[in-house]
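Colleague: Okay, handing you the structure first.
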Amino acid sequence: MTSSNVYEAVIGLEVHVELATTTKLFCGCANEFGAEPNTHVCPVCLGLPGSLPVLNRRVVDFALRLGEALHFDVPPSSIFHRKNYFYPDMPKDYQVSQYDAPICVDGWLEVDGDRIGIERAHMEEDTGKTTHVGGGGRIHDAAHSLVDYNRAGVPLMEIVSRPHIRSAEQARDYVGELRAVLEAIGVSDVKMEEGSMRVDANLSLREVGSEILGTKVEVKNMNSLRSLGRAIDHEIARQARMLDAGERVLQETRHWDEAAGVTHGMRSKEGSSDYRYFPEPDLVPVAPTQQMRDAARAAVPELPAAKRARLVEEWGISESDARVLVESAALARYAEAAVLAGALGKDVANWCLGEVLAHCNEHGLSAEVLPLAPDGLAELVGLVADGTLSRNLAKEVLRECLTRPVRPRQLVEERGLAQVSDEGELAALVDEVLGANAAAVQEWRDGDDKARKRKRGFLMGEVMKASKGKGNPQVLNRLLDDRLR
Amino acid sequence: MTATSTAVGIAGAVRSGERSARSVVEEHLAVIAARDAELHACNHVMVDDALATADAVDAAVARGEDAGPLAGVPVVLKDNLCTRGVPTTCSSRILDGWRPPYTATVVERLLLAGGIPVAKANLDEFAMGSSTENSAFGPTRNPHDTSRVPGGSSGGSAAAVAAGYAPLALGSDTGGSIRQPAALCGVVGVKPTYGRVSRFGLVAFASSLDQIGPLATTVDDAALLLEAIWGPDAMDSTAIPSQPEALGGDTDIAGMRIGIVEELTDVEGIAPEVKAAVERAAAGLDAAGARVERVSVPSCAYGLSAYYLIAPAEASSNLARYDGVRYGLRVDAADVAEMNAKTRDAGFGAEVKRRIMLGTYALSAGYYDAYYGQAQKVRTLIIRDFAQAYERFDVLLSPTSPTEAFPLGAKTADPLAMYLSDVCTIPTNLAGHSAMSVPFGTGAEGLPVGVQVLAPAQGESVMFRVARAVEGIVA
Numbered sequence: 095m096t097s098s099n100v101y102e103a104v105i106g107l108e109v110h111v112e113l114a115t116t117t118k119l120f121c122g123c124a125n126e127f128g129a130e131p132n133t134h135v136c137p138v139c140l141g142l143p144g145s146l147p148v149l150n151r152r153v154v155d156f157a158l159r160l161g162e163a164l165h166f167d168v169p170p171s172s173i174f175h176r177k178n179y180f181y182p183d184m185p186k187d188y189q190v191s192q193y194d195a196p197i198c199v200d201g202w203l204e205v206d207g208d209r210i211g212i213e214r215a216h217m218e219e220d221t222g223k224t225t226h227v228g229g230g231g232r233i234h235d236a237a238h239s240l241v242d243y244n245r246a247g248v249p250l251m252e253i254v255s256r257p258h259i260r261s262a263e264q265a266r267d268y269v270g271e272l273r274a275v276l277e278a279i280g281v282s283d284v285k286m287e288e289g290s291m292r293v294d295a296n297l298s299l300r301e302v303g304s305e306i307l308g309t310k311v312e313v314k315n316m317n318s319l320r321s322l323g324r325a326i327d328h329e330i331a332r333q334a335r336m337l338d339a340g341e342r343v344l345q346e347t348r349h350w351d352e353a354a355g356v357t358h359g360m361r362s363k364e365g366s367s368d369y370r371y372f373p374e375p376d377l378v379p380v381a382p383t384q385q386m387r388d389a390a391r392a393a394v395p396e397l398p399a400a401k402r403a404r405l406v407e408e409w410g411i412s413e414s415d416a417r418v419l420v421e422s423a424a425l426a427r428y429a430e431a432a433v434l435a436g437a438l439g440k441d442v443a444n445w446c447l448g449e450v451l452a453h454c455n456e457h458g459l460s461a462e463v464l465p466l467a468p469d470g471l472a473e474l475v476g477l478v479a480d481g482t483l484s485r486n487l488a489k490e491v492l493r494e495c496l497t498r499p500v501r502p503r504q505l506v507e508e509r510g511l512a513q514v515s516d517e518g519e520l521a522a523l524v525d526e527v528l529g530a531n532a533a534a535v536q537e538w539r540d541g542d543d544k545a546r547k548r549k550r551g552f553l554m555g556e557v558m559k560a561s562k563g564k565g566n567p568q569v570l571n572r573l574l575d576d577r578l579r
Numbered sequence: 009m010t011a012t013s014t015a016v017g018i019a020g021a022v023r024s025g026e027r028s029a030r031s032v033v034e035e036h037l038a039v040i041a042a043r044d045a046e047l048h049a050c051n052h053v054m055v056d057d058a059l060a061t062a063d064a065v066d067a068a069v070a071r072g073e074d075a076g077p078l079a080g081v082p083v084v085l086k087d088n089l090c091t092r093g094v095p096t097t098c099s100s101r102i103l104d105g106w107r108p109p110y111t112a113t114v115v116e117r118l119l120l121a122g123g124i125p126v127a128k129a130n131l132d133e134f135a136m137g138s139s140t141e142n143s144a145f146g147p148t149r150n151p152h153d154t155s156r157v158p159g160g161s162s163g164g165s166a167a168a169v170a171a172g173y174a175p176l177a178l179g180s181d182t183g184g185s186i187r188q189p190a191a192l193c194g195v196v197g198v199k200p201t202y203g204r205v206s207r208f209g210l211v212a213f214a215s216s217l218d219q220i221g222p223l224a225t226t227v228d229d230a231a232l233l234l235e236a237i238w239g240p241d242a243m244d245s246t247a248i249p250s251q252p253e254a255l256g257g258d259t260d261i262a263g264m265r266i267g268i269v270e271e272l273t274d275v276e277g278i279a280p281e282v283k284a285a286v287e288r289a290a291a292g293l294d295a296a297g298a299r300v301e302r303v304s305v306p307s308c309a310y311g312l313s314a315y316y317l318i319a320p321a322e323a324s325s326n327l328a329r330y331d332g333v334r335y336g337l338r339v340d341a342a343d344v345a346e347m348n349a350k351t352r353d354a355g356f357g358a359e360v361k362r363r364i365m366l367g368t369y370a371l372s373a374g375y376y377d378a379y380y381g382q383a384q385k386v387r388t389l390i391i392r393d394f395a396q397a398y399e400r401f402d403v404l405l406s407p408t409s410p411t412e413a414f415p416l417g418a419k420t421a422d423p424l425a426m427y428l429s430d431v432c433t434i435p436t437n438l439a440g441h442s443a444m445s446v447p448f449g450t451g452a453e454g455l456p457v458g459v460q461v462l463a464p465a466q467g468e469s470v471m472f473r474v475a476r477a478v479e480g481i482v483a
């Protein structure tokens with residue numbers, strides 16, 4: 095596209111995360127995803143007449159922890175406001191949120207060497223969930239709608255970046271890093287697919303070098319990092335085309351259509367958006383004590399960036415491997431525990447990024463719940479290191495250990511999988527294979543370099559097969575070379 | 009009052025086994041049955057619940073247990089206090105058929121103290137009004153003259169106490185809704201310090217101003233009920249977290265400094281005989297050893313204007329939830345927005361709609377600073393001016409209502425005239441302070457007049473002491 099050199103994207107992201115507290119923001123109802131509709135409700139989260147909110151202290155603790163992790167200022171006191179608008183999934187027809195006095199202000203997150211400013215992070219309550227029945231499942235042609243208030247009152251943090259982001263890739267990296275931080279500090283499940291993390295993008299274009307901001311468009315409904323990137327790329331292209339054609343970009347909210355790969359302008363709501371914010375009179379100002387602040391500071395573990403740097407340094411793994419490993423806090427904890435149990439970091443990282451990660455992804459599991467404890471992985475690494483188990487068989491052993499509670503050493507013994515390094519035993523095996531494949535040996539002798547290489551590979555495979563995979567590859571290679579001289 | 013008709017007297021007799029709670033309740037239910045067709049102070053009489061509660065109190069006494077300080081005392085509840093399983097209407101069509109699944113903290117506490125809820129009292133719809141004529145179920149009449157209003161919005165509670173339905177009632181006071189009807193019905197009415205009584209289960213009108221309080225025939229009875237319901241509550245974040253100090257029974261006011269608020273007393277609109285009552289009460293207090301002087305609290309003059317921005321603004325938000333989706337009235341329509349609108353149009357009365365519109369406007373983008381923001385500044389000024397007055401005075405004095413009870417229909421066509429009924433009571437709510445109305449003789453038309461005793465935040469103890477002294481002065 096020609097216009098990509100002319101325009102610069104100016105992107106700010108609003109990230110909503112559901113906090114993983116036991117109970118809701120203002121009542122004692124369980125904060126739990128996936129329960130039967132309207133079973134986690136009470137007079138408070140249903141907004142029944144006469145009910146009053148009481149702030150969950152744990153939410154403040156989590157917000158303070160976030161404040162620490164993202165370098166925010168936490169003013170002495172912050173307050174809640176009411177955001178007024180009618181919507182059936184909002185029990186009080188106002189949302190209790192923070193407005194001009196949020197708990198966290200002026201933070202930042204470093205993403206690939208760039209410091210992305212974060213304007214604010216504030217606490218607010220989630221709404222219920224509406225299901226439109228009949229028609230196309232959209233409100234306009236639905237026969238009726240059902241509302242589930244289990245989610246109403248679930249605590250959210252809204253984290254609003256400054257418009258410091260310049261590309262889809264950087265947006266994805268920012269959200270990925272943010273997700274890793276939130277997971278590391280233990281405040282959220284950060285599952286975009288389940289909606290516990292939701293991202294909206296504010297995006298405008300301006301000519302490169304210009305200080306003047308273009309008209310901003312808000313894009314919603316991206317439910318994965320991938321769709322976030324696609325939506326931003328699409329929106330940049332769309333706006334660039336409009337600007338190239340001399341058209342004006344409309345300030346509006348647009349909906350990302352994942353299937354079609356485009357954004358649609360949303361039908362503008364009647365009466366636009368005058369939310370008539372005013373201070374929530376049913377709550378008192380939130381004034382965290384020094385003790386609460388100290389506890390939050392103490393609760394922040396090593397953050398992903400620091401952890402990556404340390405693993406690169408201590409384990410000698412690549413920056414990109416460290417990134418993948420640390421992206422999942424659970425996997426990183428798993429690997430570190432295996433290293434603590436005595437295994438070499440580089441080996442542990444390789445196994446974790448290979449078989450373990452593949453297994454977790456395939457079955458949607460967290461490393462925390464694997465039947466093989468971290469010291470079991472360390473045991474496996476040890477078996478390979480001391481030559482007891484070949485790499486190939488180790489893969490098989492690991493796969494099995496990830497599906498049922500059995501230790502690697504136990505499995506190796508049960509199945510007689512221990513590697514054979516005995517030269518006499520292996521030499522007999524090699525001679526036998528060469529004898530049975532005389533034609534191939536002859537072709538090796540007559541062939542050019544290329545043919546020789548191919549035939550040697552074939553013969554090595556046959557030898558390994560004959561050893562049932564247990565032959566020590568180093569020894570076998572040497573024996574084969576001796577005989578093919 | 010005879011000893012057997014006061015709450016203190018009844019509780020004593022029931023606790024000692026001299027009288028049964030059941031007989032007390034039956035006696036009061038009979039009064040309600042005899043008079044309520046005429047007065048319409050009640051939306052709902054809790055006959056079966058009341059008798060069952062009475063029997064439980066009697067059983068506790070029979071077992072030798074402490075049946076509580078309110079043992080066997082009938083209490084009328086304003087119908088904006090949630091009672092589990094019992095209709096709670098706020099005198100509005102919009103709550104048609106709604107029975108709360110939970111009980112207000114104050115009701116739980118009075119039950120714990122042995123008190124017996126006997127009826128849900130009529131009120132101006134959602135407590136918006138000063139005459140109880142804004143009830144969707146028809147007005148309450150003043151027991152002293154049934155052609156007149158009982159005041160409002162707790163008009164049902166005040167009339168019920170005045171007519172002997174019960175020695176005690178609970179009301180709510182956002183701008184004078186306990187004190188003004190108490191004055192007009194000749195009973196005691198208390199607006200405690202904001203946060204002193206839990207609001208959990210009180211259907212909100214204006215959250216930063218609402219406060220529940222007692223109505224009673226005597227100052228001591230009011231104290232008895234207040235002490236049963238007040239104190240911290242984990243369900244209300246705005247409840248004051250410390251335990252209140254007991255009210256005691258002091259009547260000695262010797263050496264006390266008492267100020268008559270000029271802006272609430274010496275101004276146009278205050279009926280001469282109402283002002284005269286305040287002067288007579290002051291003279292009596294002076295004779296009992298207090299030092300009484302005039303005091304100026306200048307920003308009080310702006311109280312009414314500020315109130316009619318803040319209260320409707322909060323109400324516009326508090327009443328948004330009545331949208332037909334979850335409970336109460338629903339008028340079906342083609343889509344949700346239209347259903348919301350039709351439900352609210354059919355469910356709310358004219359005064360409620362007027363205040364929702366006022367409040368919505370006051371909070372609108374571009375007007376917030378000029379209206380809501382400005383009103384909050386006035387509020388700050390009122391607090392400052394009161395603070396200065398309380399440097400020099402222990403309590404303040406003023407009329408409760410500018411006039412005696414007015415005839416039904418006299419002010420319904422003129423909202424501003426109606427709003428002026430609360431001119432003397434509103435500043436206390438804006439400041440978050442405490443104040444109470446004590447009956448003090450009658451006015452030119454032979455109807456009750458109340459004198460208002462105002463005290464600083466958490467000044468209930470000294471306020472009650474002066475109230476007892478006023479009660480003891482022969483008007």
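If you read the sequences in order, they're chains A and B.
So the number in the numbering used here is just where the residue sits in the first sequence, counting from 1, plus 94.
So the number in the numbering used here is just where the residue sits in the second sequence, counting from 1, plus 8.
Where a beta carbon is used, it is the ideal one built from N, C-alpha and C, also for glycine.
Tell me, please, which residues DSSP counts as bridged to His216(A).
Modeller: His216(A) pairs with Glu252(A).
Colleague: I believe Val344(B) touches Pro182(A) by the beta-carbon criterion, under 8 angstroms. Please report the beta-carbon distance rounded to the nearest angstrom.
Modeller: Val344(B) to Pro182(A), Cβ: 6 angstroms. Contact.
Colleague: Take His457(A) as the anchor and find which of Val254(A), Gly481(A), Trp445(A), Leu496(A) has the nearest alpha-carbon.
Modeller: With distances taken between Cα atoms, His457(A) lies closest to Leu496(A).
Colleague: Quick check on Pro407(B): buried or exposed, where buried means 16 or more other Cβ atoms within 10 Å of its Cβ?
Modeller: Pro407(B) should be labelled buried.
Colleague: Starting from Trp538(A), trace the alpha helix (DSSP H) both ways and give me its first and last residue.
Modeller: Per DSSP, Trp538(A) belongs to the alpha helix (DSSP H) from 532-540.
Colleague: Would you say Gln466(B) faces chain A, with C-beta separation under 8 angstroms as the test?
Modeller: Closer than 8 angstroms: no.
Colleague: Measure from the alpha carbon of Thr140(B) to the alpha carbon of each residue in Leu416(B), Gly467(B), Gln460(B), then state which is nearest.
Modeller: Closest by alpha carbon: Leu416(B).
Colleague: Select from Ile306(A), Ala265(A), Val109(A), Trp202(A) the residue whose C-alpha is nearest the C-alpha of Ser290(A).
Modeller: Measuring from the Cα of Ser290(A), the nearest candidate turns out to be Val109(A).
Colleague: For Asp206(A) and Gln264(A), I'd like the C-alpha separation in whole angstroms.
Modeller: Cα to Cα, the separation comes out at about 9 angstroms.
Colleague: Could you name the residues of the same chain whose beta carbon sits closer than 7 angstroms to that of Arg30(B), not counting the 5 residues immediately before and after it, in chain order?
Modeller: So the qualifying residues of the chain are Leu59, Ala62, Asp63, Asp66.
Colleague: For the beta strand (DSSP E) holding Leu149(A), just list the boundary residues, first then last.
Modeller: Careful: Leu149(A) lies outside any beta strand (DSSP E) and carries neither H nor E.
Colleague: Please say whether Val313(A) and Ala325(A) have beta carbons closer to each other than 8 angstroms?
Modeller: It is a contact, given that the beta carbons lie within the stated cut-off.
Colleague: Smallest Cα separation from Ser442(B): which of Tyr427(B), Ala452(B), Ser429(B), Glu468(B)?
Modeller: The shortest Cα separation from Ser442(B) among Tyr427(B), Ala452(B), Ser429(B), Glu468(B) belongs to Glu468(B).
Colleague: Threshold first: 4 residues or longer. Then list the alpha helix (DSSP H) segments lying entirely within the stretch 245-309 of chain B, N to C.
Modeller: Within the stretch 245-309 of chain B, the complete alpha helix (DSSP H) runs of at least 4 residues are 270-273, 280-295.
Colleague: Thinking just about the alpha-carbon of each residue, which of Ala423(A), Tyr243(A), Val378(A), Thr347(A) is nearest to the one in Gly270(A)?
Modeller: The candidate whose alpha carbon is nearest that of Gly270(A) is Ala423(A).
Colleague: May I ask you to report which of helix, strand or coil DSSP gives Gln189(A)?
Modeller: If DSSP states are grouped into helix, strand and coil, Gln189(A) belongs with the strands.
Colleague: Does any CB atom of chain A fall closer than 8 angstroms to the CB of Leu366(B)?
Modeller: Chain A contact via Cβ: absent.
Colleague: With DSSP run on the structure shown, which of helix, strand or coil describes His165(A)?
Modeller: Coil, per DSSP.
Colleague: Hey, how far is the Cα of His238(A) from the Cα of His349(A)?
Modeller: When rounded, the distance between both Cα atoms is 23 angstroms.
Colleague: Compute the Euclidean distance between the alpha carbons of Asp388(A) and Val420(A), then round it to the nearest angstrom.
Modeller: Taking the straight line joining both Cα atoms gives about 26 angstroms.
Colleague: Classify Arg370(A) as buried or exposed, calling it buried when 16 or more other Cβ atoms lie within 10 Å of its own Cβ.
Modeller: Answer is buried; the Cβ neighbour count reaches 16.
Colleague: Using a Cβ-Cβ cut-off of less than 8 angstroms, list which residues of the stretch 103-137 of chain B approach chain A; keep chain order.
Modeller: Answer set for the stretch 103-137 of chain B: Leu103, Trp106, Pro108, Pro109, Tyr110, Ala112.
Colleague: Going by DSSP, which residues form a beta bridge with Leu210(B)?
Modeller: In DSSP, Leu210(B) forms a bridge with Leu89(B).
Colleague: Have a look at Leu113(A) and Glu218(A) and give me their C-alpha separation to the nearest angstrom.
Modeller: So the two alpha carbons sit approximately 10 angstroms from each other.
Colleague: Could you tell me whether the stretch 103-111 of chain B touches the stretch 71-85 of chain B, where touching means 3 or more Cβ pairs closer than 8 angstroms?
Modeller: Segments in contact, no.
Colleague: Is it buried or exposed for Ala373(B), if we count other Cβ within 10 angstroms and need 16 for buried?
Modeller: Exposed: under 16 other Cβ atoms inside 10 Å.
Colleague: Identify the residues that DSSP records as bridge partners of Tyr101(A): which are they?
Modeller: The partner list for Tyr101(A) (beta bridge, DSSP) reads Glu301(A).
Colleague: For Met243(B), return the contacting residues in chain A, with the cut-off set at a CB-CB distance below 8 angstroms.
Modeller: The answer, in chain order, is Leu146, Val148.
Colleague: Following the continuous beta strand (DSSP E) through Glu46(B), name the residue where it begins and the one where it ends.
Modeller: No beta strand (DSSP E) contains Glu46(B), which is instead part of the alpha helix (DSSP H) from 29-47.
Colleague: Compare the beta carbon distance of Arg207(B) and Pro185(A) with 8 angstroms and say whether it is the shorter of the two.
Modeller: Cβ atoms of Arg207(B) and Pro185(A): not closer than 8 angstroms.
Colleague: Could you check whether Leu371(B) and Ala323(B) sit closer than 8 angstroms to each other, using their CB atoms as the reference points?
Modeller: Their beta carbons are not under 8 angstroms apart, which means Ala323(B) does not touch Leu371(B) by this criterion.
Colleague: Give the residues of chain B in contact with Arg151(A), contact being defined as C-beta atoms less than 9 angstroms apart.
Modeller: Under the 9 angstroms cutoff, chain B gives no residues; its nearest Cβ is about 12 angstroms from Arg151(A).
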